[in-house]
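These notes concern the structure reproduced below.
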Amino acid sequence: MEQVSKYIKSNFDNYIEELKDYLRIPSISSLPQNKNDMQTCAKFVANQLKNAGMNKTEVIQTEGHPLVYGEWLGAPGKPTVLIYGHYDVQPVDPLDLWHSQPFDPVIKDKKIWARGASDDKGQTLIHMKAVEAYFKTVGSLPVNVKFIIEGEEEVGSPNLGIFLKNNKEKLKCDSIMVSDTSLQEPGIPTITYGLRGLAYMELELIGPDRDLHSGAFGGAIGNPINELAKIIAKLQDKNGKITIPGFYDDVKKATKKERENFKSLNFSDKKLAKEFKVKELQGEKGFTTIERLWIRPTLDCNGIVGGYTGEGAKTVLPSKASAKISMRLVPDQTPKKIAKLFTKYVQSLAPKSMKMTVKDLHGGYPIVVDLNDRSIDAAARALKAVYGKEVLFAREGGSIPIIVEFVKQLKAPTVLMGFGLETDNIHSPNEHFLLENFEKGLLSSAKFFEEYAK
Ligand code: BES
Ligand code: ZN
C-alpha cells in the first residue's frame, strides 16, 4: 500500500491533466445535440479502464447513451467490488454566470473548475486511477474489481435499469462502490446512508390558440401564466407543507434515535444561509434543516416558461405556459404513486377555460442503505486512515435512483463513499472539485481495496 500511495502522490499532476481531458468532453446527456460527445466520452472512459489494467473493457450500446464496463477478476477467493459512476453531466446554462468556460477546465484556488468536475467525472476517475496505481506498482489488485460507468444518470438511468435486469451474472458482486455524494463538511470523511427519491413532472397549460394583444383581450380571455402561477402557489401551504392529497401517507417517521443523532451534528443554519447569501433559511415548519433535507419530501418548481421574456415590454396575453416540477421523496413514498397523486390534484386545479397536460418525465425511489457489511467497515477504515478523522454517517437530499435497482437485482450492499462538497456547485454555474478531495479520494479508494481484501 505504501508504494501505491507514493505512486499516487507522485503522479497526481498527471491525473489532473487526465481529468482535464475528461472534462473537456461536453457529455450532456439530456441534449440531443451532444449525442456524439456521449460516444466520445464513453470511449474515453473505456480507454481509461483499459490503460488502468482492467483485462476486459467494453463500450455497450443501449437505446440511449452507452454504458462502459470493465473487469479484472484476478483475485480468486477475494471479494468482488462493482464500482458504479456516471460520465454524463448536466446542462451548463446560464452560461453567462460562469467565470470560465464549462468545458475548458481551469485550476484556481486549489480547485478544478468545469462542468462534471465533482459530479461525477472527478469522482469516477478516482477509482480508475487508484486501480491503475496498483497495476503500475504491485502488478495486481487485492480484490476483484468490476466497473459500470453510465451516461444517463442525470436523466434517470432509463437504460442501465434494463441492462441490470438482463445482466445479473455479469455484474455479480459482493458490494457496490459509489462515489457520487459529498463530505458532510470539508475534511470530514463521510459515508452516506440515505438518499431521497424523485418524481419529476412537466405541466403545460394552454389557453387561446395564439398569443393575443393583452389590451384587446386581457380581462376576457384567461391568461395561462396567471393560472399556472396560481396552481403552483397552491401546491404548498404557508407552513411549507405540500397540499397534494395523500402526499404524506407513506412517509416513514424517522426514529427518535436518528433525529437525536442529527442534532448531534451541530449543523449551522447561519453558515448555510451565509454561503448562499440568503437572509435566512426557509422550509417545512416543525423540522430542522437537516430533517428538511434528509427525511422530509419536498416540491420545487425547477423551471417556468411562458410569454414574452425578451428585453423591454411587450403587451401580450400568452397562449400557453409550462413548468417543470420535481418532488424529492423519502421512504416509503414511491415515484409512480406520487406522480399519480400530483397529476390528479393539478388537474383538479386547472380552470375550465384551459387545457392542461401533465407529463411524468422520470422518477426514482428513495433509499436507506444497510450499514452492516464488511465493505462499509472497510470503507470507514480507509477513510479514517486517509483523512485522519472518524467517519461520519450521514443522509443526503439528492438522488441516485439506480442504487435501489442495484440492491434489488444484485442483492449486494452499497457503499456511498463520496468526495464532493455541498458547495461544489453541482448542476449550477461554476462547478468545481477540491483538488485535496481528488487526492484524498484516490488514496481512500486505493486503501479501500486493501482493507476490503482483509
Ligand atoms: N451526484 C448527484 C446526486 C447527489 C446530489 C447526491 C446531491 C447527494 C447530494 C447525482 O448526479 C444527481 O444529480 N442525481 C439526480 C438524479 C435525477 C436526475 C434522477 C438528482 O438528484 O437530481
Ligand atoms: Zn448530478
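Taken in order, the sequence shown gives residues 733 to 1186; the numbers are from the working numbering. Note that the Cβ used here is the ideal one computed from N, Cα and C, for glycine as well. Since the structure is predicted, the reported quantities are computational estimates derived from the model, not experimental observations.
Subject >> Residues near Trp830 by beta carbon distance below 8 Å, same chain, minus five either side >> reply: Hits under 8 Å: Val824, Pro1161 and Asn1162.
Original post:
Could you give the residue range of the alpha helix (DSSP H) that holds Val777?
Top reply: According to the DSSP assignment, Val777 belongs to the alpha helix (DSSP H) that extends over Lys767 to Ala784.
**OP:** Return the chain-ordered list of same chain residues with a C-beta closer than 7 Å to the C-beta of Thr924, the five sequence neighbours on each side being excluded.
**Re:** In its chain, beyond the 5 residues on either side, Thr913, Ala1126, Arg1127, Glu1128, Leu1148 and Gly1150 have a beta carbon closer than 7 Å to the beta carbon of Thr924.
Original post:
Which two residues bound the contiguous beta strand (DSSP E) that contains His1094?
Top reply: Per DSSP, the unbroken beta strand (DSSP E) holding His1094 starts and ends at Lys1087 to Gly1096.
Original post:
If you draw a straight line from the alpha carbon of Glu1168 to that of Thr1155, how long is it in whole angstroms?
Top reply: Whole-angstrom Cα-Cα distance: 14 Å.
Subject >> Continuous alpha helix (DSSP H) stretch holding Ser742: start and end >> reply: Per DSSP, the continuous alpha helix (DSSP H) segment holding Ser742 begins and ends at Glu734 to Ser742.
**OP:** Go to Met933, then tell me how far its beta strand (DSSP E) extends in each direction, as first and last residue.
**Re:** Counting along the chain, the beta strand (DSSP E) containing Met933 begins and ends at Gly929 to Ile938.
**OP:** For Arg942, collect the residues of the same chain with a Cβ closer than 6 Å to its Cβ; drop the 5 residues on either side in sequence, then sort them by chain order.
**Re:** Excluding sequence neighbours, Arg942 sits near Ser1051.
Original post:
Can we count Ile1132 as close to the ligand BES, meaning its CB is less than 6 Å from some heavy atom?
Top reply: Yes, the ligand BES has a heavy atom inside 6 Å of this Cβ.
Original post:
For the ligand ZN, any of its heavy atoms closer than 6 Å to the Cβ of Asp820?
Top reply: Short note on Asp820: C-beta not closer than 6 Å to any heavy atom of the ligand ZN.
Subject >> Option in Val870, Gly1038 and Ser996 with minimal Cα separation from Leu1124 >> reply: Checked all of Val870, Gly1038 and Ser996; the closest Cα to Leu1124 is Ser996.
Original post:
Who are the near neighbours of Asp852 in its chain, counting only those whose CB is closer than 6 Å to its CB and skipping five residues on each side?
Top reply: Taken in chain order, the residues that qualify are Gly817, His818 and Asp912.
Subject >> Neighbourhood of Ile920 by C-beta, 7 Å cutoff - its chain only, sequence neighbours within 5 removed >> reply: Same-chain partners within the cutoff: Lys1121 and Leu1124.
Subject >> Continuous beta strand (DSSP E) stretch holding His818: start and end >> reply: Under the DSSP assignment, His818 falls in the beta strand (DSSP E) whose first and last residues are Thr812 to His818.
Subject >> Beta-carbon contacts of His1187 that lie in its chain and below 6 Å, excluding the five residues immediately before and after >> reply: Because the chain is modelled from 733 through 1186, residue 1187 falls outside the range shown and cannot be assessed.
Subject >> Counted within 10 angstroms of its Cβ, other Cβ atoms place Pro977 as buried (16 or more) or exposed >> reply: By the neighbour-count criterion, in which a residue is buried when 16 or more other Cβ atoms sit within 10 angstroms of its Cβ, Pro977 is exposed.
**OP:** Quick one: measure Cβ to Cβ for Gly1152 and Gly929, integer angstroms, because I've assumed they're closer than 8 Å.
**Re:** Wrong, their Cβ atoms sit about 20 Å apart, outside the cutoff.
Original post:
Mapping DSSP to helix, strand and coil, what is Gln968?
Top reply: Strand.
Original post:
If you run the structure through DSSP and keep just helix, strand and coil, what is Ile1108?
Top reply: DSSP places Ile1108 in helix when its eight states are reduced to three.
**OP:** Check each candidate in Leu1004, Arg756, Val1101 and Lys741 and name the one with the smallest Cα separation from Pro1133.
**Re:** Taking only the C-alpha atoms, the option nearest Pro1133 is Val1101.
Original post:
Does the region 1061 to 1070 touch the region 893 to 907, meaning 3 or more C-beta pairs lie closer than 8 Å?
Top reply: Contact between the region 893 to 907 and the region 1061 to 1070 is absent, because fewer than three Cβ pairs lie under 8 Å.
**OP:** Can you give me the Cβ contacts of Lys984 inside the same chain, cut-off strictly under 8 Å, excluding the 5 residues immediately before and after it?
**Re:** Counting only Cβ-Cβ distances below 8 Å, and skipping sequence neighbours, we find Val1062, Pro1063 and Asp1064.
Subject >> Euclidean distance between Cα positions of Glu1012 and His945 >> reply: Straight-line Cα distance between these residues: approximately 40 Å.
Subject >> Exposure label - Asn891; buried when at least 16 CB within 10 Å >> reply: When all chains shown are included, Asn891 counts as buried.
**OP:** Please state whether DSSP places Asp1032 in a helix, a strand or coil.
**Re:** If DSSP states are grouped into helix, strand and coil, Asp1032 belongs with the strands.
Original post:
Three-state secondary structure (DSSP) at Val875?
Top reply: Coil at Val875, not helix or strand.
Original post:
Which of the three DSSP states, helix, strand or coil, is assigned to Ile923?
Top reply: When secondary structure is reduced to three states using DSSP, Ile923 falls in the strand class.
Subject >> Contacts around Lys775, its chain only, beta-carbon distance under 7 Å, and the 5 residues preceding and following it disregarded >> reply: Contacts found: Val791.
Subject >> Ranges of the alpha helix (DSSP H) found wholly within the region 1013 to 1090, counting only runs of at least 4 >> reply: As far as the region 1013 to 1090 is concerned, its whole alpha helix (DSSP H) runs of at least 4 residues are 1021 to 1026 and 1067 to 1081.
Subject >> Beta-bridge pairing of Tyr801 - partner residues as DSSP gives them >> reply: According to DSSP, Tyr801 bridges with Glu790 and Ile880.
Original post:
Between which two residues does the alpha helix (DSSP H) carrying Phe895 extend?
Top reply: For Phe895, the enclosing alpha helix (DSSP H) stretches over residues Pro890 to Asn898.
Subject >> DSSP state of Thr1146 mapped onto helix, strand, coil >> reply: In the structure shown, Thr1146 adopts extended strand secondary structure according to DSSP, grouped into three states.
Original post:
Excluding the five sequence neighbours on either side, which residues of its own chain have a C-beta within less than 6 Å of the C-beta of Ile1135, listed in chain order?
Top reply: Answer for Ile1135: Ile1099 and Thr1146, listed in chain order.
Subject >> Nearest to Asp753 (by Cα), restricted to the options Leu763, Lys741 and Asp769 >> reply: Answer by Cα proximity: Asp769.
Original post:
With burial defined as no fewer than 16 other Cβ atoms inside 10 Å of the residue's Cβ, what is the status of Gln1014: buried or exposed?
Top reply: Answer is exposed; the Cβ neighbour count stays below 16.
Original post:
Does the distance from the C-beta atom of Leu915 to that of Ala846 stay below 7 Å?
Top reply: No, they are not a contact pair.
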